[in-house]
Structures are given as structure tokens and as C-alpha cells.
Amino acid sequence: MLRKFQNGGGRKMTKNSHMKKYYQGFGRMVFLGLVAVLIAIPGILRSMAGELVNPFSTEGNWYKAALHVHTKTSDGDTNILARIKQYRDLGFHVVAVTDHWKTNNIDGMSDKDFLVIRAMEAHPKSNHEMTNHFVCLNLPEGFEITKSTKAQKIINMVNEAGGGVIYAHPYWLAHTINDLTSVKGYMGIEVYNGVCDIMIDKGYGNVHWDQLLNKGLIVPAVATDDIHKSKNIGLGWTMIKARELNTNEIINALKTGCYYASCGPVIEDFKIENGVASIKCSPVTQICFGAQTAIGRKFCAEDGKLLTTAEWKMTKKCRFVRAEVVDENGKHAWTNPIIPK
Ligand SMILES: [Zn+2]
Ligand SMILES: [Zn+2]
20 MLRKFQNGGG RKMTKNSHMK KYYQGFGRMV FLGLVAVLIA IPGILRSMAG ELVNPFSTEG
80 NWYKAALHVH TKTSDGDTNI LARIKQYRDL GFHVVAVTDH WKTNNIDGMS DKDFLVIRAM
140 EAHPKSNHEM TNHFVCLNLP EGFEITKSTK AQKIINMVNE AGGGVIYAHP YWLAHTINDL
200 TSVKGYMGIE VYNGVCDIMI DKGYGNVHWD QLLNKGLIVP AVATDDIHKS KNIGLGWTMI
260 KARELNTNEI INALKTGCYY ASCGPVIEDF KIENGVASIK CSPVTQICFG AQTAIGRKFC
320 AEDGKLLTTA EWKMTKKCRF VRAEVVDENG KHAWTNPIIP K
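When we follow this note's numbering, the leftmost residue of the sequence shown carries the number 20, and every step to the right adds one.
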């Protein structure tokens with residue numbers, strides 16, 4: 020938080036040398052303070068990011084994850100075993116079962132090729148009395164929260180238990196930046212929620228995400244199905260880079276943003292080198308690099324052609340850059356932001 024300086028505005032200047040010295044000293048202090056803040060900005064951003072890790076410059080394997088999944092334990096249309104089979108048959112490696120207010124018994128459901136994470140979706144009221152939906156991942160057995168537990172308390176409890184919280188479908192619930200900043204400590208936000216998209220066209224959280232990034236709150240973003248009905252499987256997923264398929268590695272990758280989100284396109288590389296951001300991906304019709312406020316650039320394929328790469332020379336003012344691609348079917352994919360060194 021920036022502290023407001025009292026400058027005695029409105030007071031008449033005086034010839035008194037003592038006062039002159041006072042004002043000179045004060046001016047110097049403000050100047051040095053501003054220099055210190057400017058020098059510190061990259062560090063501040065990085066510390067808020069919790070040191071994001073670029074999955075494209077990290078060793079490991081890619082794991083396809085469904086991080087927001089309902090079953091008959093709450094209001095889904097099938098039981099947990101059938102739901103897990105559906106995702107496994109579609110080539111997923113990770114499923115977090117996130118029934119409303121309830122965890123599931125997941126004993127014996129994971130093996131070396133497939134990981135089930137114990138999780139829950141909680142709906143606490145925020146400080147602004149707006150209901151938040153928190154996807155709470157990696158909860159210990161017997162973890163309980165009551166419906167009256169406050170939003171911030173839930174995030175703290177999940178973090179203390181070794182888990183992490185994703186801020187779900189911000190557009191669908193008409194959240195504002197005030198809601199998003201009224202709590203802290205969540206590890207990510209949904210940039211895409213499949214059910215909110217197909218049911219009411221409010222599945223995209225990119226504006227909410229950009230508002231956080233603009234404020235220097237560098238959080239990564241996932242894409243999810245939020246599946247309730249079996250027919251709505253595979254709308255959006257998260258590609259996680261991790262050394263091994265186990266809960267600790269996957270949660271650590273989620274907390275450090277070591278992943279990208281997709282509804283279709285595959286992202287093969289994303290990096291900054293010598294002030295140039297570049298991306299490689301499956302064939303798409305457009306690639307957009309975005310930084311804070313109005314800084315960024317969109318590249319569109321010429322008629323009848325598709326793009327698989329793009330480069331953008333960043334301006335020196337860029338505090339971060341993220342990329343978003345859209346394929347011929349209108350399906351998006353999103354990288355997490357990188358902060359220039
Ligand atoms: Zn929800
Ligand atoms: Zn849900």
C-alpha cells in the first residue's frame with residue numbers, strides 16, 4: 020500500500036530559512052521515496068506472483084487436468100466412479116472432485132497414470148456480502164468448513180491445510196474488482212468456465228483477470244468444465260507441467276502458475292528473450308499478446324491461412340505479458356503471465 024504524504028498544502032511559503040530547509044528536505048525525501056518505489060516495482064510484482072514458473076522453460080511432463088467437477092455427491096448427474104471414468108476415457112490425467120460443500124472418499128481411485136484430488140466447492144459470503152464460489156483443492160480427509168465460515172477464513176484454512184483455492188466464474192456471479200481484491204491468498208482464477216459459457220454466455224473471466232494483473236496482482240488462470248451434466252465434458256481444461264503425477268507436484272505447479280489453460284488450442288512454447296515475447300502453438304486464426312492497460316498487440320491470420328507462431332517486441336513499460344490464441348472454431352487458450360526480468 021502506498022502511504023499518503025501530508026504536504027501541508029495550502030500553506031503560504033515563507034522566507035524563513037528554517038522553513039526553506041524543511042521544504043527542501045521534504046522534497047528530497049519524496050523524490051527518494053519515488054525512486055525507491057520505481058526500483059521496487061518489479062520485486063513487488065514478483066512477490067505478489069509468488070514467483071510464477073514458466074512451464075515452457077521447466078522440465079517435466081504435461082498433465083491434462085479437470086479442476087472443477089461435480090458428481091451426485093452434490094448436484095452432478097453421475098456418481099464419482101462414473102465421472103472419473105468419463106475423464107479418463109477422454110485422456111485426462113488429473114480430476115479434482117469439487118462437490119458443493121462436500122468432499123468425497125477418493126481412496127483407491129488414483130494410480131500411476133491418473134490422479135484424483137480431494138476437493139470441494141465452497142460458497143462463502145465475501146466482505147461485500149457477495150457470494151464467492153471457491154474451488155478448494157487438496158483438502159485433507161475430514162476437512163470441514165461450515166456455510167457460515169467467512170470467505171477469507173476459508174482461503175486461510177485451505178492454505179494452512181496444504182491446499183489451494185481457485186476463484187471460480189467471476190463473470191457469472193457479476194463480481195467486480197472490489198470483490199476480487201476483498202480476499203487474498205487464492206492461487207488462481209477461472210479465465211474460462213464451460214458451464215457458465217454454454218448456459219448463459221458468461222464463462223470468460225479474462226476481463227476480471229486483466230483487472231487483477233493491471234493492479235499488479237499477478238495470479239495465474241485455469242480453464243474448467245464445472246461439469247454437472249455428462250454431456251458438458253471437455254469444454255475447458257488446464258495443462259499442467261509437473262515432474263511427477265502426484266498431488267504435491269500438481270498443487271505446487273498450480274500455485275506457481277506452471278500451466279496453461281485451453282478450450283482447444285495447444286500451446287507449445289511461450290517466452291521472453293531480449294525484450295521480445297514469442298509463442299508457438301497449434302494452428303490458430305489469431306494470437307494476442309497483452310500487458311497492462313492498453314499495451315499489447317494482436318496478430319490475425321490472412322484469409323485462408325493460419326498462424327502457428329508470433330513475436331512481439333515489448334515496450335520497456337511492460338510489467339508483464341500474457342498470450343491468448345483463438346483457433347478456427349473460436350476456441351481459446353491462455354498462457355499465464357511472464358514478468359520481464
Ligand atoms: Zn460455482
Ligand atoms: Zn461448480
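Quick reminder that beta carbons are idealized off the backbone N, C-alpha and C, glycines included.
Straight-line gap, residue i to residue j (C-alpha atoms, nearest Å)
i	j	result
residue 34	residue 336	Caution applies to residue 34, whose pLDDT of 44 falls short of 50 and renders its modelled position unreliable; the value that the coordinates give is listed next. Looking at the two C-alpha atoms, the distance is approximately 41 Å.
residue 210	residue 189	9 Å
residue 234	residue 96	40 Å
residue 313	residue 225	15 Å
residue 239	residue 72	10 Å
residue 285	residue 340	18 Å
residue 319	residue 255	23 Å
residue 263	residue 160	22 Å
residue 304	residue 316	14 Å
residue 53	residue 199	Confidence is the limiting factor: at residue 53 the pLDDT is only 48, short of 50, which leaves the residue's position unreliable and the question unanswerable from this model.
residue 143	residue 249	27 Å
residue 102	residue 338	41 Å
residue 243	residue 321	31 Å
Assumed close pair residue i, residue j - CB separation to whole angstroms, cut-off 8 Å
i	j	result
residue 123	residue 137	7 Å
residue 278	residue 257	5 Å
residue 89	residue 118	6 Å
residue 208	residue 228	6 Å
Counterpart residues of residue i in DSSP-defined beta bridges
i	result
residue 294	Looking at the DSSP assignment, residue 294 forms no beta bridge with any residue, so it has no partner.
residue 238	Answer is none; residue 238 lacks a bridge partner.
residue 317	307
residue 286	300
residue 325	Beta-bridge pairing links residue 325 to no other residue.
residue 119	140
residue 158	Partner(s): none; residue 158 has no beta bridge.
residue 211	223 and 242
residue 70	According to DSSP, residue 70 bridges with nothing at all.
residue 97	DSSP output for residue 97 lists no bridge partner at all.
Helix, strand or coil at residue i according to DSSP, with G and I counted as helix
i	result
residue 163	coil
residue 20	Note that residue 20 scores 30 on pLDDT, short of 50, meaning its location in the model is unreliable and no value can be drawn from it.
residue 106	helix
residue 111	coil
residue 250	helix
Pair within 8 Å by beta-carbon distance, residue i and residue j
i	j	result
residue 140	residue 187	yes
residue 100	residue 270	no
residue 301	residue 327	yes
residue 272	residue 306	no
residue 309	residue 333	no
residue 331	residue 343	no
residue 164	residue 173	yes
residue 177	residue 158	yes
residue 191	residue 166	no
residue 151	residue 170	yes
residue 80	residue 193	no
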